[in-house]
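Numbers in the numbering used here are just positions in the sequence shown, counted from 1, shifted up by 2.
Glycine included, every Cβ here is placed at the ideal spot set by N, Cα and C.
The structure displayed is predicted, hence computed values, not measured ones.
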Amino acid sequence: MEQIVGYIERITFHNPENGYTVAKLKPRNQATLVCIVGSMPSVQPGETVRCCGNWKQHLTHGRQFEVEKYQIEAPADVEGIRKYLGSGLIAGIGPVYAQRIVDTFGEDTLNIIDSDPSRLKEVEGIGKKRLEMIIGCWQDQRGIREVMIFLQSHGVSSTYAQKIYKVYGPQTISRLKENPYRLARDIFGIGFRSADKVALEMDIAKESPKRIDAGVEYVLQELSNDGHTCYPVPVFLDAAEQILEVNRLLIEERLAALVEEKRIALDKLVASGTVDDFIWIRALYLSEKGIGHEVRRLIRSPCYLREIDAKKAIDWVQEKLNIELAPKQKDAVVRAVTDKMHIITGGPGTGKSTITNAILAITRKLTNKILLAAPTGRAAKRMSEITGHQASTIHSLLEFDFKTFGFKRKRENPLDCDLLIIDEASMIDTSLMYSLLKAIPSHARLILVGDIYQLPSVGPGNVLKDMIASRCVPVTMLTEIFRQAEGSQIVVNAHRINAGKMPHTSNLSDGDFFFIQSYTPEDILKEVISLVKQRLIKKYGFNPKEDIQVLAPMKKGLIGIDNLNIILQEELNPQKEHLFRSGKKLQVGDKVMQIRNNYRKEVYNGDIGYIQRIDNQDQKVVVAMMDKEVLYDFAELDELVLAYAVSIHKYQGSETPCVIIPVHTTHFKLLHRNLLYTGVTRGKKLVILVGTKKALAIAVNNDEVKSRYTGLQEALFEGNTQTLVI
């Protein structure tokens, strides 16, 4: 086995899931760069590494050093020190200050920062404030390095060391030794399996109650990630037994203890037709029971608004808005302005927006206390444009409270409204719906508008469908496509797909729906690049980053989300300067998506923005999101992913002028009718499918919807209020 030592000049590829990295290394006492490859999850540009491995000859990329093991070392020469300090790892030091510091102290630089950092004031431009920033970050880096070594010594990737240290601080290692399973609970991106590696390396017994409890919560969280709010206990025990590899009886014993500790819930679901108990994460159990209670409260409470003459109201609103409502639309408007709670559901072009505007016009004659909201910022913006009435996100409406990590708006501090209309209601998960319902005053009306044929919420539950299926909430189901929408092939084809029919693919030059036949993933990729980079810009004048969205069913593969983003980043935003963090390359101008709710920043899962600035010196990235700028520390960049291509699920609730969807049999597992339907309905002006007719037919014919176990219908049945579906 050979050894090479040098500093990382740049990273050309990194897989965050397995740590596989391709990097350029500048060896000591050598002028030319060499390519190193291997599992190196934590290396950063500017760091000095000692690599052990062997040289190999790659057929395409030439001579490479295959790393079997490596160790990060302090840089030993002036150039290595300059590169390390200027890499952005130390806040307060960018390339300019790195050069000044090294010019002042030479090879003694790191010793001075370690033992006598006050001497940095000798460097031009470093005052008290910058010195404090450098010292604080240097100490943090030392702590982070210790965490990296600790994680690596226990067989775990050190990629998350910076994030872990930010949560636990100087007590990180002692807290992890006390209970390594806290990693799975506290650190976004780290699951039970990684925490379990650390625990087992620390000789925590497989049968330890601490381990079993963490495993139970992990399995429940995984089921929640799949959309379930609860699960049959026997099937749950099978999954837990497989993961924990302990006797089933030990797991059953801990379930009773976890119920006592109020961490889980066990109950029966009569409507399920089984005698088995079901298991919940306790918070989801309380949310489902709570939704049932809040729905009954709203429906049974009197409304303060005066009663109206329905026929006169319909005649007046048609004249006022210069519209002619169909009989079903009239019924929907009448029910919505008389019922305490009403659901309006239908596909594109069925008149949901027209009905909403009619309801608003009538209600404005009775009160000005009207609120509109939607699950995402883009959906709220579209709602505002359609209605001319200010709409907000549900999270903003409920006002997040950082002290309690809950919402300020609740039973004790309800929303000030007589009417609340929620759009894109199919996207609302169980927890958010409970929070929303709690905040609505008993006298107010609630109208939920959505499309039940779209994908269910990203979070657990199937709230809108369960409410409709329970028959406890009045519902209007819209099916007729109206004249103004009949001219749109997007609308017509969306309804054909939903009915299990192949979309019309005549590809008329003035149409808004196209199918481009391409047989291989390689051809599909070329076609997508050509469309985004050239043809659509030339024909329609689209902005390739702002007006076009590529939607893909899967992450992996040549035409999966990950590779599409890498290619489209190179094609649409070629930059010499870039930042490499959290396993991805980020550049000024990049289109990015937030992938988790961050209440402090008021950005939420699925929000899309554009990188405005990258400040290596202060370790900050500025992203323009909707109508505001959001500041990220480098340690928070795992909350962002490239968004030139995104999943259809993540894009639900958003619309864009042009949507491109690759469809190929390599995506077989995810070729579902409701997925294709949801993707197609994201396009406002143009939808282009690129792929094979075989894959398209598979998607259209596959109406198998992955079922979700929920207890909401049962919760709604308790004290059932009989209602009517029209």
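Check: Nearest to H344 by alpha carbon, out of K557, L422, Q654 and A312?
Finding: L422
Q. What are the start and end residues of the alpha helix (DSSP H) that includes Y167?
A. A163 to Y170
Where do the N-terminal and C-terminal ends of the alpha helix (DSSP H) with N676 fall, by residue? R675 to V682
Problem - CB-CB length for N56 against E68, believed under 8 Å - result: 6 Å
Review point. Among D403, D269, S196 and L202, which one has its Cα closest to the Cα of T231?
Key: D269
Look at L639 and L570 and say whether their C-beta atoms are less than 8 Å apart. no
inquiry  = Check for me: the alpha helix (DSSP H) holding R84 runs from which residue to which?
reply    = V80 to L87
If you run the structure through DSSP and keep just helix, strand and coil, what is L538? helix
The beta strand (DSSP E) that contains G40, what's its start and end? V36 to S41
Buried or exposed, going by whether 16 or more other CB atoms sit within 10 Å of the CB of R583? buried
Problem set entry | Contact the region 370-378 vs the region 477-486: 3+ CB pairs below 8 Å | no
_Out of K695, T667, T694 and C660, which one is the CA nearest neighbour of G681?_
C660
**Q.** Beta-ladder partner(s) of I424, from DSSP
**A.** A375 and L450
Rounding to the nearest angstrom, what Cα-Cα distance links Q551 and P377 in this structure? 20 Å
request  = Count the other CB atoms, across all protein chains shown, that sit within 10 Å of the CB of Q173; report buried if there are 16 or more and exposed otherwise.
outcome  = exposed
* Which word fits Y183, buried or exposed, when buried means at least 16 other C-beta atoms lie within 10 angstroms of its C-beta? -> buried
Measuring only the C-alpha atoms, how far is S386 from G379? 11 Å
### Contact set for L27: own chain, Cβ-Cβ below 8 Å, skip 5 residues either direction
I6, G8, Y9, I10, E11, L35, V36, C37, I38, V51, C53 and F67
**OP:** Could you tell me the boundaries of the alpha helix (DSSP H) in which F238 lies?
**Re:** V235 to L246
*Ordered along the chain, which non-local residues of its own chain (more than five positions away) have a Cβ less than 6 Å from that of M504?*
V702
Discussion item. Whole angstroms are fine: how far does the CA of P29 sit from the CA of R144?
Written reply: 24 Å
Using only alpha-carbon positions, find the residue among S428, D188, L434 and D418 that is nearest to A446.
-> D418
Closer than 8 Å is the cut-off here; do at least three beta carbon pairs connect the region 187-198 with the region 132-146?
no
For this session: Work out the CA separation of I449 and V689 for me, nearest whole Å.
Result: 30 Å
Among A554, S120, Q614 and E321, the one whose alpha carbon lies nearest that of K671:
A554
Given K467 as reference, the closest of G461, S459, V460 and I454 once Cα atoms are compared:
I454
Which of the three DSSP states is assigned to G8 in this structure? strand
Selected residue, minimal CA-CA separation from R308, among Q577, W318 and T365
T365
Original post:
Which of the three DSSP states, helix, strand or coil, is assigned to Y22?
Top reply: strand
| task | Compare the beta carbon distance of G88 and A100 with 8 Å and say whether it is the shorter of the two. | result | yes
**Three-way DSSP call (helix, strand, coil) for C139 in this model** = helix
Would you list the residues sitting across from D431 in a DSSP beta bridge?
Answer by DSSP bridge pairing: none, since D431 is not bridged.
Practice prompt. Decide if the region 598-618 is in contact with the region 647-660; the criterion is three or more beta carbon pairs, one per stretch, under 8 Å apart.
Written response: yes
Are at least three pairs of beta-carbons, each pair with one atom in the region 630-648 and one in the region 351-361, less than 8 Å apart? no
To the nearest angstrom, how far is it from the Cα of K123 to the Cα of Q596?
39 Å
I think E290 touches A717, with their Cβ atoms under 8 Å apart; what is that distance to the nearest whole Å?
5 Å
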